[in-house]
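A.B. asks: Per this note's numbering, the very first residue in the sequence shown carries number -9; after that it's consecutive.
Glycine included, each C-beta is placed from N, C-alpha and C at the ideal position.
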Amino acid sequence: MDLQLQGAKVLVTAGANGIGRAVVEAFAAEGARVFTCDLDEAGLSTLPPGIGHCRADVSSRTDVAALFDQALAHLGGLDVLVNNAGIAGPTGRAEEINPEDWDRCVEVCLTSQFNCARLAIPHLRRSKNPSITNLSSAAGKFGFALRTPYAAAKWGVIGFTKSLAIELGDAGIRVNAILPGLVAGDRQRRVLEAKAQQRGVSFAEMERLAFSFTSIKDYVTPQQLADQILFLASPRGRTISGQAISVDGDTRMLS
Ligand code: NAD
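1) Please classify D176: is it buried, with 16 or more other beta-carbons within 10 angstroms of its beta-carbon, or exposed?
2) Report whether the distance from the Cβ of R51 to the nearest heavy atom of the ligand NAD is below 7 Å.
3) Report buried or exposed for F193, applying the criterion of at least 16 other Cβ atoms within 10 angstroms of its Cβ.
4) For a test of the three-state rule: what should DSSP assign to K(-1), helix, strand or coil?
5) A128 and L71 look like a contact to me (Cβ under 8 Å); what is the Cβ gap, rounded to whole Å?
6) Verify whether the separation of the beta carbon atoms of W145 and G130 is less than 8 Å.
7) Measuring CB to CB, does D262 end up less than 8 Å from G42?
8) Please tell me whether, using a cut-off of 7 Å, the distance from the CB of D30 to the nearest non-hydrogen atom of the ligand NAD is below it.
9) What is the rounded straight-line gap between the Cα of R45 and the Cα of R83?
10) Less than 7 Å between the CB of Q60 and some heavy atom of the ligand NAD, yes or no?
11) Would you check if the distance between the CB atom of H64 and the CB atom of F25 is smaller than 8 Å?
12) Apart from the five residues just before and just after T309, which ones in its own chain have a Cβ nearer than 7 Å to its Cβ?
13) Indicate whether L(-5) and E20 have their beta-carbon atoms separated by less than 8 Å.
14) If you reduce the DSSP assignment to three classes, tell me which class I122 lands in.
15) For L154 and F104, what's the separation of their Cα atoms in angstroms?
16) Assign K246 to buried or exposed, taking buried as 16 or more other Cβ atoms, counted over all protein chains shown, within 10 Å of its Cβ.
17) Give me, in chain order, the residues of the same chain whose beta-carbon lies closer than 8 Å to that of I230; leave out the 5 immediate sequence neighbours on both sides.
18) Going by DSSP in three states, P225 sits in which element: helix, strand or coil?
19) Rounded to the nearest angstrom, what separates A32 and N73 at their Cα positions?
20) Which residues in the same chain have their Cβ closer than 8 Å to the Cβ of I206, if we skip the five residues on either side of it in sequence?
21) Do V237 and Q218 have their C-beta atoms closer together than 8 Å?
22) Can we say the region 75 to 90 touches the region 134 to 150, given the rule of at least three CB pairs closer than 8 Å?
23) Taking the straight line between their C-alpha atoms, what separation do you get for L114 and T151?
24) Which ranges would you report for the alpha helix (DSSP H) in the region 139 to 193 if only whole runs of at least 4 residues count?
25) Give me whichever residues DSSP pairs with L71 in a beta bridge.
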């Protein structure tokens, strides 16, 4: 399938590792021009040649302003914003959580998306195929005990996405959210380990419990998420907007 993304101007946040990296590499493989940022400068330096990058903390409006200056100079405009950056935040009961950890989680998972979208929108208005894709999570549609800051931020991403989709519909700008479930990789392993420890069970037991609530008992891969995100950004996704799209093996509950 030709996604017609040759020459598309794409900005992906947090592209040094994990899902963001898979998205960056997938857009580049389709012939798109890609710029990304991350806190992990060593990770950025191992990206394939041709992908523009800089260090930026997307929760900082100063960093995001500098990111957009560099990205726009590299890309010469903007067709696609992928708000991918996110952190797991603390694991624990609400009354035990350090309030600074709450703030940080909401700033990185939710406020960063506003920080980037507000600077992207004037440029997307000039694009012939404009879109924004925001990373939410299965934790953006279910209650998620012991992860209240993360769940609150990821539910917030859905509200932000659906509201922005209405605001930007007249300009033909699509705005969608992707809700990954259990994604293969280090991050998910760390999250399950923290929950296992909190509950005093083994990692294997925690993993078994997590998959007991999914129909497809397998991890989602970053590549699958990249495939979905590229489709939404392609002209083939022209009329898909305001959607919260789950890629999660049919998760029905979170443990
Ligand atoms: P990851 O931890 O593998 O990678 C995240 C990247 O973000 C890292 O390179 C990190 O350095 C960077 N980063 C962190 N804070 C940043 C900041 N303030 N500014 C810029 N960069 C920053 O995570 P991932 O699994 O690839 O997750 C990507 C997105 O997908 C996140 O929004 C996450 O919440 C969401 N998600 C992941 C899973 C999962 O199981 N991995 C599930 C649901 C949703």
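C.D. replies: Quick answer:
1) As a first step, residue 176 must be located in the sequence shown, where it is residue number 186. Exposed: under 16 other Cβ atoms inside 10 Å.
2) The residue labelled residue 51 in the question sits at position 61 within the sequence shown. For R51, the distance from the CB to the nearest heavy atom of the ligand NAD is not below 7 Å.
3) If you number the sequence shown from 1, residue 193 lands on position 203. Exposed is the call here.
4) Taking the sequence shown and counting its residues from 1, the one referred to as residue -1 is at position 9. Residue state, collapsed to three classes: strand.
5) Sequence index remark: in the sequence shown, residue 128 carries index 138 (1-based). Sequence index remark: in the sequence shown, residue 71 carries index 81 (1-based). Actually they are not in contact, since the Cβ atoms of A128 and L71 sit about 22 Å apart, beyond 8 Å.
6) Your numbering for residue 145 matches position 155 in the sequence shown. Your numbering for residue 130 matches position 140 in the sequence shown. Yes, the pair counts as a contact, with Cβ atoms nearer than the cut-off.
7) The structure shown does not extend to residue 262, since the chain is modelled only from -9 to 245, so the question has no answer here.
8) Taking the sequence shown and counting its residues from 1, one reaches residue 30 at position 40. Yes - the ligand NAD has a heavy atom lying nearer than 7 Å to the Cβ of D30.
9) Taking the first residue of the sequence shown as 1, we reach residue 45 at position 55. Taking the first residue of the sequence shown as 1, we reach residue 83 at position 93. Distance between the alpha carbons of R45 and R83: 33 Å.
10) Here residue 60 refers to the residue found at position 70 when the sequence shown is read from its first residue. Checking the 7 Å criterion, the Cβ of Q60 is out of range of every heavy atom belonging to the ligand NAD.
11) As a first step, residue 64 is located in the sequence shown; it is residue number 74 there, counting from the start. As a first step, residue 25 is located in the sequence shown; it is residue number 35 there, counting from the start. A contact, by the Cβ cut-off of 8 Å.
12) In this structure the chain extends from -9 to 245, so residue 309 is not present and cannot be described.
13) As a working note, residue -5 is residue 5 in the sequence shown. As a working note, residue 20 is residue 30 in the sequence shown. Between L(-5) and E20, the CB-CB gap stays under 8 Å.
14) As a position in the sequence shown, residue 122 is number 132, starting the count at 1. Strand.
15) Sequence index remark: in the sequence shown, residue 154 carries index 164 (1-based). Sequence index remark: in the sequence shown, residue 104 carries index 114 (1-based). Answer to the nearest angstrom: the Cα atoms are 10 Å apart.
16) For the chain, the structure presents residues -9 to 245; residue 246 sits outside this window and is missing.
17) Residue mapping note: residue 230 aligns to position 240 of the sequence shown, counting from 1. Its chain contains R164, N166 and L222 as the residues whose beta carbon lies nearer than 8 Å to that of I230, once the 5 sequence neighbours on both sides are disregarded; these appear in chain order.
18) Within the sequence shown, the letter at position 235 stands for residue 225. Here P225 carries a helix assignment [DSSP, helix/strand/coil].
19) For this step, residue 32 is matched to residue 42 along the sequence shown. For this step, residue 73 is matched to residue 83 along the sequence shown. Distance from the CA atom of A32 to the CA atom of N73, rounded to whole angstroms, is 21 Å.
20) For the purposes of this step, residue 206 is taken as the residue at position 216 of the sequence shown. So the qualifying residues of the chain are G239 and D240.
21) The residue you call residue 237 lines up with position 247 of the sequence shown. The residue you call residue 218 lines up with position 228 of the sequence shown. Contact flag set, yes.
22) At 8 Å Cβ cutoff, the stretches touch.
23) Within the sequence shown, the letter at position 124 stands for residue 114. Within the sequence shown, the letter at position 161 stands for residue 151. Straight-line Cα distance between these residues: approximately 15 Å.
24) If we require 4 residues or more, the alpha helix (DSSP H) runs fully inside the region 139 to 193 come out as 176 to 189.
25) By one-based count along the sequence shown, residue 71 stands at place 81. Partner(s): L1 and I122.
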